[in-house]
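Numbering (our numbering), first residue to last: 3 to 43.
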């Protein structure tokens with residue numbers, strides 16, 4: 003039976019270059035590097 007990978011979707015707020023804030027979705031998948039949803043590797 004194949005084990006289902008755990009996956010998390012986080013949405014922290016990050017500062018952008020204009021001094022404002024924006025949401026930066028991050029996907030975490032078990033056994034893989036985290037990546038930004040709006041800037042996938």
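All residues carry an ideal CB built from backbone N, CA and C; glycine is no exception. It should be emphasised that the depicted structure is a prediction, and the values quoted were computed from it without experimental measurement.
Nearest candidate by alpha-carbon position, reference residue i, set the options
{"i": "residue 27", "options": "12, 7 and 5", "result": "12"}
Nearest-angstrom Cα separation, counted from residue j out to residue i
{"i": "residue 5", "j": "residue 34", "result": "15 Å"}
{"i": "residue 7", "j": "residue 37", "result": "16 Å"}
{"i": "residue 9", "j": "residue 39", "result": "13 Å"}
{"i": "residue 22", "j": "residue 15", "result": "10 Å"}
Per DSSP, the bridge partner or partners of residue i
{"i": "residue 12", "result": "28"}
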